[in-house]
Every structure is written in structure tokens, then in C-alpha cells.
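A.B. asks: Numbered by this note's numbering, the letters in the sequence shown go through residues 1 to 109 in order.
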Amino acid sequence: MFCKIANGELKSEILYSDEEVVAFKDINPQAPVHVLVIPRKHISKHSEITQEDQAVIGKMHLVAKKLAEDLGISDGYRLVINCGERAGQTVWHLHMHLLGGREFGWPPG
Ligand code: 5GP
Numbered sequence: 001m002f003c004k005i006a007n008g009e010l011k012s013e014i015l016y017s018d019e020e021v022v023a024f025k026d027i028n029p030q031a032p033v034h035v036l037v038i039p040r041k042h043i044s045k046h047s048e049i050t051q052e053d054q055a056v057i058g059k060m061h062l063v064a065k066k067l068a069e070d071l072g073i074s075d076g077y078r079l080v081i082n083c084g085e086r087a088g089q090t091v092w093h094l095h096m097h098l099l100g101g102r103e104f105g106w107p108p109g
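(1) Determine the direct distance from the alpha carbon of residue 104 to that of residue 41, and round the result to whole angstroms.
(2) Report whether the distance from the Cβ of residue 28 to the nearest heavy atom of the ligand 5GP is below 7 Å.
(3) Whole angstroms is fine: what's the gap from residue 44's alpha carbon to residue 85's?
(4) Quick one: is residue 39 buried, meaning 16 or more other Cβ sit within 10 Å of its Cβ, or exposed?
(5) Quick one, are the C-beta atoms of residue 23 and residue 36 less than 8 Å apart?
(6) Find out if the Cβ-Cβ distance for the pair residue 98, residue 64 is shorter than 8 Å.
(7) Among 78, 83 and 92, which residue has its Cα nearest to the Cα of residue 107?
(8) Rounded to the nearest angstrom, what separates residue 49 and residue 74 at their Cα positions?
(9) Do you know how far the Cα of residue 31 is from the Cα of residue 8?
(10) Taking all protein chains shown into account, do 16 or more other C-beta atoms lie within 10 angstroms of the C-beta of residue 1, making it buried, or fewer, making it exposed?
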């Protein structure tokens, strides 16, 4: 499904896009800022990343940092990757949640 967002088949509010990474607003936001950062390459979950994904994983972090600055949440934000059903993953395309604009508790639920 996120492949379709990345290639434009499915509509979404895209905030960043390049040849490797796409970022778009979450359809069901859990914070005032809730963005999903994904690799264009289809990787179904974090536990399946390999050495060859090192660059794109790093890029996802740099994009998240830049978006946090652009969206005014640099003073405090949370990055989340749910891996597997037990951790709450519901979409089988690797994605990093960028959340901000409110306080966050710890430990997470
Ligand atoms: P997960 O639970 O897998 O970590 O996160 C999946 C996220 O994708 C959820 O926060 C959900 O709201 C979001 N989501 C699911 N379907 C769509 C969609 O079609 N468009 C967008 N923008 N977000 C989606």
C-alpha cells in the first residue's frame, strides 16, 4: 500500500520525496505532527533490512530530522518503528513514524 503512495497511485499528503525516500502525513494522526517516512524500496519490516539498506535507512533519519526542523518540532520529537504484529505493525512496508507537537510518556504503550 505504501508502495502505491510512493509511486503516486494512492493519494496522500506528501511532504518530502526523492529517489530513495518518501514522507507523507499519517492518515490517522496520533499527535499534532505525525509523518511517515518510508524507503521507496519495498522492505516489509525492520527485521528484514540488510547491509545493502544501510544508506537508505540513514537517509530516512536525515529526512526525519529535516522535516522536524521544517515542521517546528526540533525541540522534541519521537521516532518510532513498529516491527511485527506484536509491536503494533499494521502496514507491511517499513515506515518510521515522526511524531511531535505534544508531550510523550515513557515507557511507551
Ligand atoms: P504501523 O501501525 O504499521 O506502525 O503504522 C501504520 C500507520 O499507517 C498508521 O499510523 C496508519 O494510520 C497509517 N496509514 C494506514 N493506511 C494509510 C494510508 O492509506 N495513508 C496514510 N497516509 N497513512 C496510512
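Note that the Cβ used here is the ideal one computed from N, Cα and C, for glycine as well.
C.D. replies: On the basis of the supplied data:
(1) Whole-angstrom Cα-Cα distance: 30 Å.
(2) Yes, since a heavy atom of the ligand 5GP falls inside the 7 Å radius drawn around the Cβ of residue 28.
(3) If you draw a straight line from the Cα of residue 44 to the Cα of residue 85, it is about 12 Å long.
(4) Under this definition residue 39 is a buried residue.
(5) Yes, Cβ-Cβ distance for residue 23 and residue 36 is below 8 Å.
(6) Yes. Within cutoff.
(7) Nearest C-alpha to residue 107: 78.
(8) Rounded to the nearest whole angstrom, the C-alpha separation of residue 49 and residue 74 is 27 Å.
(9) Distance between the alpha carbons of residue 8 and residue 31: 25 Å.
(10) The residue is exposed, with fewer than 16 neighbouring Cβ atoms inside 10 Å.
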